[in-house]
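Structure first, then comments.
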Amino acid sequence: MVMDLSPDQYFDNLYAKDEELERVGASIREAGMPEISVAQGYGRLLTLLVSLSRSNSILEIGALGGYSGICLARALPAGGRLVSLELKQDYANLARSNMEEAGLGQKVEYLVGDASISLDKLIGQEARFDFFFIDADKENYPHYLEECIKLANDGAIIAADNTLLHGKTIDDLKQGPSVLAMRRFNRMIAQDPRLTGVHLPAYDGLALARITPK
Ligand code: SAH
Ligand code: MG
0 MVMDLSPDQY
10 FDNLYAKDEE
20 LERVGASIRE
30 AGMPEISVAQ
40 GYGRLLTLLV
50 SLSRSNSILE
60 IGALGGYSGI
70 CLARALPAGG
80 RLVSLELKQD
90 YANLARSNME
100 EAGLGQKVEY
110 LVGDASISLD
120 KLIGQEARFD
130 FFFIDADKEN
140 YPHYLEECIK
150 LANDGAIIAA
160 DNTLLHGKTI
170 DDLKQGPSVL
180 AMRRFNRMIA
190 QDPRLTGVHL
200 PAYDGLALAR
210 ITPK
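Going left to right, the sequence shown walks through residues 0 to 213 as numbering that gives the first Met the number 0 numbers them.
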């Protein structure tokens, strides 16, 4: 028998619908925003990793409508904090309202504007985080990774979405700035001695790394 489901779809179909996250998806569609929230299996993985690592403080780069924000903040303990960097005020507004609807509004703070500027400010304040999720403009992934390392507590975990760029990353004919940046980012995850990394090839690719303890 020919299977017409992809492996991603097969596994996705095993899970009950998540009403909270379905609502976020609908709100993004209604607002005419791009439907590029993190894949549902990776959302579950983020929740699991935050919980396993007992992270108290999370930095997200790229909020969109709050889908990944909910996945991350769900696993925070009482008093835990999510700081989320988002370029667009209206996206941050929708993300905030979705976080509030999910009962997580008191855990999140949105810093609106270019993430590079917010990162500089956080570094100036000597902020520190246990967990990072990089998911904004792809050209800046190598830069974001360097900045996250500066903001990381010992043993912190870094996750980054879309490492395959819908296949462009592994297509030699593609040589645009986002693709070149993503290839460099992927090499850093694999080879940088400050990191212990792994690449997951499901969906659009996810990178995970732990800051190698000194
Ligand atoms: N993490 C979200 C999806 C993020 S989509 C989720 O899975 O639910 C990428 C987001 O990055 C968009 O909301 C976009 O506005 C934001 N973004 C793009 N460039 C940015 C920049 N320079 N600084 C901060 N955010 C940026
Ligand atoms: Mg993404």
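Each residue gets a CB set at the ideal place from its N, CA and C atoms; glycine is no exception.
Residue i to residue j span [Cα, whole Å]
| i | j | result |
| --- | --- | --- |
| residue 3 | residue 137 | 31 Å |
| residue 103 | residue 76 | 11 Å |
| residue 97 | residue 68 | 9 Å |
| residue 151 | residue 20 | 28 Å |
| residue 23 | residue 199 | 25 Å |
| residue 191 | residue 212 | 13 Å |
| residue 204 | residue 45 | 14 Å |
| residue 105 | residue 197 | 32 Å |
| residue 193 | residue 149 | 11 Å |
| residue 176 | residue 170 | 14 Å |
| residue 126 | residue 88 | 23 Å |
| residue 110 | residue 95 | 11 Å |
| residue 189 | residue 30 | 38 Å |
| residue 12 | residue 47 | 19 Å |
| residue 174 | residue 187 | 18 Å |
| residue 206 | residue 153 | 19 Å |
8 Å Cβ cutoff met for residue i and residue j
| i | j | result |
| --- | --- | --- |
| residue 80 | residue 108 | yes |
| residue 118 | residue 146 | yes |
| residue 202 | residue 7 | yes |
| residue 182 | residue 168 | yes |
| residue 64 | residue 26 | yes |
| residue 214 | residue 34 | Outside the displayed span of the chain (0 to 213) sits residue 214, for which this structure offers no information. |
| residue 86 | residue 112 | yes |
| residue 14 | residue 37 | no |
Own chain partners of residue i with C-beta closer than 8 Å, once the 5 adjacent residues on each side are dropped
| i | result |
| --- | --- |
| residue 10 | 40 |
| residue 78 | 55 |
| residue 32 | 63, 64, 90 and 93 |
Sequence-distant residues of its chain with Cβ nearer than 6 Å to residue i (five each side left out)
| i | result |
| --- | --- |
| residue 60 | 84, 114, 133, 135 and 143 |
| residue 157 | 131, 147 and 208 |
| residue 155 | 129 and 210 |
| residue 82 | 58 and 108 |
Close beta carbons around residue i, own chain, < 7 Å, minus the five adjacent residues each side
| i | result |
| --- | --- |
| residue 140 | 133, 159, 180, 181 and 184 |
| residue 49 | 57, 71, 74, 75 and 130 |
| residue 52 | 129, 130 and 156 |
| residue 121 | 150 |
| residue 178 | 164, 167 and 168 |
| residue 116 | none |
Any non-hydrogen atom of the ligand MN closer than 7 Å to residue i Cβ
| i | result |
| --- | --- |
| residue 99 | As far as ligands go, the structure on display features the ligand SAH and the ligand MG and does not contain the ligand MN. |
Check your reading: residues with Cβ closer than 5 Å to the ligand MG heavy atoms:
134, 160 and 161
Does the pairing of the stretch 161–180 with the stretch 53–73 give three or more beta-carbon distances under 8 Å?
no
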